[in-house]
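For reference, the structure discussed in these notes is given below.
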Amino acid sequence: MEKTFTFETIMALPSRHRGRLMNKVSGLKPANLIGTQSKAGETNLAIFNSVVHIGANPPYIGFILRPTTVARHTYENIKETGAFTINQVTEGMHKQAHQTSAKYDKGVSEFDAVGLIPYHHEDFKAPFVYESPIKIGLSFVEEQLIKVNDTRLIIGKVEHLILPEDVLLEGGHIALERLGSVAIGGLDSYYSVDKLGRYGYAEPE
Numbered sequence: 042m043e044k045t046f047t048f049e050t051i052m053a054l055p056s057r058h059r060g061r062l063m064n065k066v067s068g069l070k071p072a073n074l075i076g077t078q079s080k081a082g083e084t085n086l087a088i089f090n091s092v093v094h095i096g097a098n099p100p101y102i103g104f105i106l107r108p109t110t111v112a113r114h115t116y117e118n119i120k121e122t123g124a125f126t127i128n129q130v131t132e133g134m135h136k137q138a139h140q141t142s143a144k145y146d147k148g149v150s151e152f153d154a155v156g157l158i159p160y161h162h163e164d165f166k167a168p169f170v171y172e173s174p175i176k177i178g179l180s181f182v183e184e185q186l187i188k189v190n191d192t193r194l195i196i197g198k199v200e201h202l203i204l205p206e207d208v209l210l211e212g213g214h215i216a217l218e219r220l221g222s223v224a225i226g227g228l229d230s231y232y233s234v235d236k237l238g239r240y241g242y243a244e245p246e
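In terms of this note's numbering, the sequence shown opens at residue 42 and continues consecutively.
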């Protein structure tokens, strides 16, 4: 038996019910922590499920930012310093990562609040997460306002990529399953990741 929704019935759902449904229906998404720092040196850390590959030549990665009608410390810091980090979430830290979604005041560092360690690499202007096995440092290059709902696509150029050497495979592959990486379903459910297979470039049969 199937349940069918229309636009009208979706919009008639209670707000939180609708939000959970629409966040989960598109499937599992990568769990990442985005680290930033203000010019005054205040660090910020926030979990995102919207990080997406933009391109490899040059290497660009983006993420979706919710409307800026309320304070968005991540966005404010990126605009101030032009730098941010993306840090992969693992099974061992997923509860702490989730806690960063709480609405802390501007002067409170989520690193301190949830017990994760900020890691500063060389002179990069944004903090990495020490516990994360894959750390990416990016410089802000562009934002695109998505007019239908006032969200923004924030795009950064990869300046630093830090990861364990033993998960690097031939040809640019990464053994993500060895890292204990997790995925997010919706806004609050976390899933472990297993590799099912790897296949060659598909051609018509």
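Heads up, the beta-carbon is just placed ideally off N, CA and C, and yes, glycines get one too.
Look at the alpha carbon of residue i and the alpha carbon of residue j, and state the distance between them as a whole number of angstroms.
i	j	result
F165	T84	13 Å
I51	T45	10 Å
I215	I177	14 Å
I119	E43	44 Å
H161	L54	44 Å
M134	E172	8 Å
P245	R239	18 Å
H58	S230	14 Å
S79	T115	9 Å
L69	E183	26 Å
S67	L86	25 Å
L217	G60	29 Å
P174	P71	14 Å
N73	N90	6 Å
Taking its Cβ as the centre, do 16 or more other Cβ atoms sit within 10 Å of residue i, making it buried, or is it exposed?
i	result
G212	exposed
A189	In the sequence under discussion, the amino acid at residue 189 is Val, which differs from the Ala named in the question. Exposed, because fewer than 16 other Cβ atoms sit within 10 Å of the Cβ of V189.
P99	exposed
I127	buried
Y242	exposed
T77	buried
V170	buried
F48	exposed
P168	buried
A143	exposed
G197	buried
Do residue j and residue i have their beta-carbon atoms positioned less than 7 Å apart in this structure?
i	j	result
N64	L228	yes
V234	A224	yes
I195	T141	no
A138	Y145	no
S180	E200	yes
R253	L62	Residue 253 lies beyond the residue range present for the chain, which begins at 42 and ends at 246; the question has no answer from this structure.
V93	G103	yes
I158	F125	no
G221	E132	yes
In the DSSP assignment, find the unbroken alpha helix (DSSP H) run with residue i in it and report its ends.
i	result
N190	Premise fails: N190 is in no alpha helix (DSSP H) and is neither H nor E.
L106	From DSSP, L106 is part of no alpha helix (DSSP H) but of the beta strand (DSSP E) over P100 to L106.
S56	S56 to K65
H162	Note, H162: premise wrong, no alpha helix (DSSP H); not H, not E.
F48	F48 to M52
T122	H114 to T122
Let me know the secondary structure DSSP gives residue i once reduced to three states.
i	result
T141	coil
V208	helix
I88	strand
V130	coil
L217	helix
K136	helix
A32	Examination of residue 32 is not possible in this model, given that the chain is present from 42 through 246 alone.
Between which two residues does the beta strand (DSSP E) containing residue i stretch?
i	result
Y232	S230 to S233
I175	I175 -> no beta strand (DSSP E), and no H or E assigned at all.
A154	Counting along the chain, A154 falls outside any beta strand (DSSP E), though it belongs to the alpha helix (DSSP H) covering E151 to V155.
G96	V93 to A97
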